[in-house]
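A.B. asks: Before I ask anything, let me first share the structure, which is written out below as structure tokens.
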Amino acid sequence: MSNLSILKRLEESLADYGNGTVSRPVFVDFLGNSIRALEGVPLSVIHKLREHEHAIETEGYFEEEGFESKRPDAQSSLFTWIKELKLDYGS
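Mapped onto full-length UniProt numbering, the consecutive letters of the sequence shown carry residue numbers 1 to 91.
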């Protein structure tokens, strides 16, 4: 599977997570597996992945405890990052 197709599937999964059809644990697992499946990416991409995983996980904990979440910010940031990855590694 090409990097571009992996990233497109990741975008679709992010949209599914955003509209509630995919749970947070399932999405975070898919996110990690997708980024690790990319070919030819530097270690810095894996480090950035961990930041995004943490942001998604943290927002979920806030929601579970009834506090205000920064969910749109975490999702928006992740979406932007995926777009950047498509440009840099989507060939």
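Note that beta-carbon positions come from the ideal geometry of N, C-alpha and C, so glycine has one too.
Thinking C-alpha only, which one of 13, 85, 86, 5 is nearest residue 30?
C.D. replies: Out of 13, 85, 86, 5, 13 has the C-alpha closest to the C-alpha of residue 30.
A.B. asks: Within 10 angstroms of its Cβ, does residue 17 collect 16 or more other Cβ (buried), or is it exposed?
C.D. replies: It counts as buried.
A.B. asks: Which value, in whole angstroms, describes the spacing of the CA atoms of residue 21 and residue 28?
C.D. replies: About 14 Å.
A.B. asks: Considering just the uninterrupted stretch of the alpha helix (DSSP H) at residue 53, what are its terminal residues?
C.D. replies: Here the alpha helix (DSSP H) through residue 53 covers 43-64.
A.B. asks: I need the DSSP call for residue 38, collapsed to helix, strand or coil.
C.D. replies: Three-state DSSP puts residue 38 in coil, outside helix and strand.
A.B. asks: When the Cα atoms are used, what is the spatial distance from residue 88 to residue 59?
C.D. replies: So the alpha carbons of these two residues sit roughly 28 Å apart.
A.B. asks: Just the C-alpha distance for residue 10 and residue 3, rounded to the nearest angstrom, thanks.
C.D. replies: If I take the Cα positions, the gap works out to 10 Å.
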